[in-house]
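Following: one structure in structure tokens, then a few remarks.
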Ligand code: NAP
Ligand code: BGC
Ligand code: ZN
């Protein structure tokens, strides 16, 4: 289990009580959001949310930032709730229950929220089946991303059904549960697509040395030989982390995706986390027979020239599979909690390169920030 950061100080219950007093209706809280038409996040002063029965009021600890947040800030993905001019950002959160209302949660529980919620016209079969992650975008909203405010504020509320309890000792790194759950789901879908025959993957190729790719490397190295492709110099901290984890770095400027089999070996499993559209096509060349590639990136429009006949017949003649994967469900969050508990503690210190205070939240959105960043609202 990862050790809490030394700066973590436990608040007493009387301090927590202070926040759930009758004053709460008058309180304003700090939030970080993006206004329509802006190209950088800014602070907002918003009313503290009031939990309805069945909802939970959560005091936010830390909220992570990923490539999707940068895409939302750039206006390339998602947007504010209907009729609103700004979106409170943040979908990778960890917090502490301060008001459980009528739910089974208890004050002091450490929780991580899932991202998807039913759309404004009500619930649907995906949510009723507990498979919101399989809903098309038209059948859900995503908190902090598309159509619903996120968790980057001092407090947030959520239906208890969308909160995952986590062990208290994981609280400092709890903001990594959501992104890790994304990889849990993608790898589950990839494995499921190969479940009708004896498939024992020995080699993986992860595309991207960003936050998502690096978590996938950490997940896969105990099980197989892992190559990780990026476009950074070897002095880059992401490359150093790839190598520290025991994976082999591949510089795409020297060895593009399709050349990996000749330069190294073909991969039973490809995990695409670059958001570079061409990689969805080129990765098929990097696959071994019977291999599968999981695609996670969210590229904008991109026209490329391909030999569609080669692409098509290679997939068919070698029983290859491509599977797209988005979002994650409660079981993936629970798997992620287990997964993070098994990561070496040094990984967290190397991987998380910036914990910015709310007053200096801009540092967490710096496009040149090296690896994983988060905004800290409070400590346990
Ligand atoms: P990120 O921080 O943008 O990381 C992308 C990484 O890919 C960076 O290391 C980037 O290199 C590298 N890269 C981009 N183009 C490349 C190329 N042509 N050759 C080699 N490397 C290249 O994003 P992230 O947070 O890790 O997420 C990765 C992608 O997955 C994003 O598109 C994100 O939106 C998406 N995503 C999807 C889901 C889902 O549910 N499907 C969940 C989370 C994220 P540089 O650092 O040099 O730019
Ligand atoms: C989030 C997912 C979300 C996806 C598409 C990712 O960054 O982690 O929860 O479904 O973006 O918006
Ligand atoms: Zn994300």
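Numbering (my numbering), first residue to last: 914 to 1293.
Quick reminder that beta carbons are idealized off the backbone N, C-alpha and C, glycines included.
Whose C-alpha, out of the options, is nearest the C-alpha of residue i?
i, options, result
"residue 1174", "1157, 1196, 1008", "1196"
"residue 1133", "1186, 1237, 1115", "1115"
"residue 1237", "1260, 1277, 1205", "1205"
"residue 1283", "1230, 1095, 1064, 1152", "1152"
"residue 1150", "1292, 1285, 952", "1285"
"residue 1243", "1275, 1078, 1216", "1078"
"residue 1146", "1127, 1139, 1131, 1166", "1166"
"residue 1274", "1081, 969, 977, 968", "977"
"residue 1258", "1041, 1086, 1177, 1215", "1086"
"residue 1000", "949, 1168, 1043, 1052", "949"
"residue 1188", "990, 955, 954", "990"
"residue 1092", "1234, 1270, 982", "982"
"residue 1050", "1060, 1042, 1041", "1060"
"residue 1178", "1192, 1162, 1276", "1162"
"residue 1035", "1044, 1046, 1052", "1052"
"residue 1120", "1168, 1111, 986", "1168"
"residue 1020", "986, 1216, 968", "968"
"residue 860", "1068, 1223, 1105, 1164", "Nothing about residue 860 can be reported from this structure: the residues present for the chain run from 914 to 1293 only."
"residue 957", "1040, 1219, 1062", "1062"
"residue 1074", "1104, 1261, 1017, 997", "1017"
"residue 1280", "946, 986, 947", "986"
"residue 1015", "1190, 1139, 1072", "1072"
"residue 1219", "1143, 1190, 1247", "1190"
Tell me whether residue i, by its Cβ, gets closer than 7 Å to a heavy atom of the ligand MN.
i, result
"residue 981", "The model on display carries the ligand NAP, the ligand BGC and the ligand ZN but not the ligand MN."
Just checking my contact of residue i with residue j at CB under 8 Å: how many whole Å lie between their CB atoms?
i, j, result
"residue 1287", "residue 1056", "Not a contact, Cβ separation roughly 16 Å."
"residue 1095", "residue 1228", "At roughly 25 Å, the Cβ-Cβ gap does not stay under 8 Å, so residue 1095 and residue 1228 are not in contact."
"residue 1064", "residue 1026", "6 Å"
"residue 1070", "residue 995", "Rounded, the Cβ-Cβ distance is 19 Å, inconsistent with contact."
"residue 1080", "residue 1278", "Not a contact, Cβ separation roughly 29 Å."
"residue 1269", "residue 1289", "7 Å"
"residue 1310", "residue 1100", "Here the chain covers residues 914 to 1293 and nothing more, so residue 1310 does not appear."
"residue 1194", "residue 1217", "7 Å"
Tell me whether residue i sits in a helix, a strand or coil according to DSSP, three-state version.
i, result
"residue 1278", "helix"
"residue 1127", "helix"
"residue 981", "helix"
"residue 1141", "strand"
"residue 1285", "strand"
"residue 1030", "strand"
"residue 919", "For residue 919, the predicted model reports a pLDDT of 33, less than 50, meaning its position is unreliable; a value from the coordinates is still stated below. Residue state, collapsed to three classes: coil."
"residue 1116", "strand"
"residue 1172", "helix"
"residue 1246", "helix"
"residue 1042", "coil"
"residue 1214", "coil"
"residue 1191", "helix"
"residue 1135", "coil"
"residue 1055", "strand"
"residue 1060", "strand"
"residue 987", "coil"
"residue 1096", "helix"
"residue 1207", "strand"
"residue 1105", "helix"
"residue 998", "coil"
How about residue i and residue j: are their beta carbons less than 8 Å apart?
i, j, result
"residue 1028", "residue 1007", "no"
"residue 941", "residue 960", "yes"
"residue 1170", "residue 1199", "yes"
"residue 1136", "residue 1245", "no"
"residue 1066", "residue 944", "yes"
"residue 1212", "residue 1231", "no"
"residue 1127", "residue 1089", "no"
"residue 1012", "residue 1076", "no"
"residue 1125", "residue 1186", "yes"
"residue 1158", "residue 1183", "no"
"residue 980", "residue 1123", "yes"
"residue 1235", "residue 1009", "no"
"residue 1180", "residue 1117", "yes"
"residue 1241", "residue 1046", "yes"
"residue 1172", "residue 1141", "no"
Identify every residue that forms a DSSP beta bridge with residue i.
i, result
"residue 1079", "For residue 1079, which the question treats as bridged, DSSP gives no partner whatsoever."
"residue 1023", "1009"
"residue 1164", "1143"
"residue 1264", "DSSP output for residue 1264 lists no bridge partner at all."
"residue 943", "958"
"residue 1222", "Paired residues: none, contrary to the question."
"residue 968", "1072"
"residue 1238", "Per DSSP, none; premise fails for residue 1238."
"residue 1180", "1200"
"residue 992", "1059"
"residue 1271", "None; residue 1271 has no bridge partner."
Closer than 8 Å, CB to CB, is residue i near chain C or not?
i, result
"residue 1166", "Absence of chain C from the displayed structure is noted, only one protein chain being present."
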